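Below: the structure, in structure tokens.
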Amino acid sequence: MGEYSKALEFQEKSLQIRQRILLTTHPDLAESYSSIGVIYNEMGEYSKALEFQEKSLEIRKKALPPTHPDLAESYNNIAVIYHNMKEYSKELTNYQRAVEIGKRSLPSNHPNIQQWENALESAKKNFK
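When the sequence shown is numbered by the UniProt record's numbering, its final residue is 128 and no position is left out of the sequence of numbers.
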């Protein structure tokens with residue numbers, strides 16, 4: 001179970017390498033930020049997780065078309081963090097964005113759409 005500190009160490013090394021060789025708006029850099037954010041979320045360090053996921057989202061907004069599925073993934077990751085922080089209104093908003101983008105960019109039978117829709121329905125219940 002969870003060798004998070006080791007995973008974090010490797011992801012931070014990966015990020016440092018990518019920062020040296022890639023443009024600041026390269027999607028691979030966003031992936032590194034996202035991966036670090038996921039680890040921090042799993043560690044319960046939600047503020048740090050959110051910081052890294054938001055960096056990832058900002059890069060993706062600049063580098064990718066507005067309906068790219070990676071943007072939906074970013075919104076999903078941010079929603080998960082807000083859920084863990086019990087900020088249900090922000091969770092709901094981010095799941096809505098993930099579903100909206102997913103429906104425009106992925107096949108209707110794609111498993112991520114179903115996952116995000118289920119999470120959205122759950123978020124609606126939490127918000128009430």
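All C-beta atoms in this analysis are idealised placements derived from N, C-alpha and C, irrespective of residue type, glycine included.
For clarity, every value in this text was computed on a predicted model and none was experimentally measured.
Please say whether N84 and Y33 have beta carbons closer to each other than 7 Å? Locating residue 33 in the sequence shown gives position 33, counting from the first residue. Locating residue 84 in the sequence shown gives position 84, counting from the first residue. Against a cut-off of 7 Å, the Cβ pair of N84 and Y33 comes out as no contact.
Can you check whether the CB of A30 is closer than 7 Å to the CB of S5? Counting from one through the sequence shown, the residue named residue 5 turns up at place 5. Counting from one through the sequence shown, the residue named residue 30 turns up at place 30. Taking 7 Å as the Cβ cut-off, S5 and A30 do not qualify as a contacting pair.
Buried or exposed for Q19, going by 16 or more other Cβ atoms inside 10 Å? For this step, residue 19 is matched to residue 19 along the sequence shown. By the 10 Å Cβ count, Q19 comes out exposed.
Look up K90 in the DSSP assignment and say whether it is helix, strand or coil. Walking along the sequence shown from the start, residue 90 turns up at place 90. Residue state, collapsed to three classes: helix.
Ranges of the beta strand (DSSP E) found wholly within the region 12-88, counting only runs of at least 3: none
For F127 and Y88, believed in contact at Cβ under 8 Å, the rounded distance: To locate residue 88, count along the sequence shown from 1; it is residue 88. To locate residue 127, count along the sequence shown from 1; it is residue 127. Contact flag correct, Cβ pair sits at about 5 Å.
Classify K103 as helix, strand or coil using the three-state DSSP reduction. As a position in the sequence shown, residue 103 is number 103, starting the count at 1. Looking at K103 - three-state DSSP - the assignment turns out to be helix.
To the nearest angstrom, how far is it from the Cα of S105 to the Cα of Q16? Translated into positions along the sequence shown, residue 105 becomes position 105. Translated into positions along the sequence shown, residue 16 becomes position 16. Their Cα atoms are separated by approximately 31 Å.
Would a C-beta distance cut-off of 7 Å place F52 and I36 closer than the cut-off? As a position in the sequence shown, residue 52 is number 52, starting the count at 1. As a position in the sequence shown, residue 36 is number 36, starting the count at 1. Going by beta carbons, F52 and I36 fall inside the 7 Å limit.
In the DSSP assignment, find the unbroken alpha helix (DSSP H) run with S122 in it and report its ends. In the sequence shown, residue 122 corresponds to position 122, counting from 1. Element bounds for S122: P111 to F127.
Can you tell me whether G44 is buried or exposed? The criterion is at least 16 other CB atoms within 10 Å of its CB, across all chains shown. Translated into positions along the sequence shown, residue 44 becomes position 44. It counts as exposed.
Contact defined as beta carbons within less than 8 Å: I believe W116 pairs with A72. What is the distance between those atoms, to the nearest angstrom? Here residue 116 is taken as the residue at index 116 of the sequence shown, counted from 1. Here residue 72 is taken as the residue at index 72 of the sequence shown, counted from 1. Yes, W116 and A72 are in contact; Cβ-Cβ is about 7 Å, under 8 Å.
Whole-angstrom C-beta distance between L64 and I39, which should lie under 8 Å: Taking the first residue of the sequence shown as position 1, residue 39 is located at position 39. Taking the first residue of the sequence shown as position 1, residue 64 is located at position 64. No, I39 and L64 are not in contact; Cβ-Cβ is about 23 Å, not under 8 Å.
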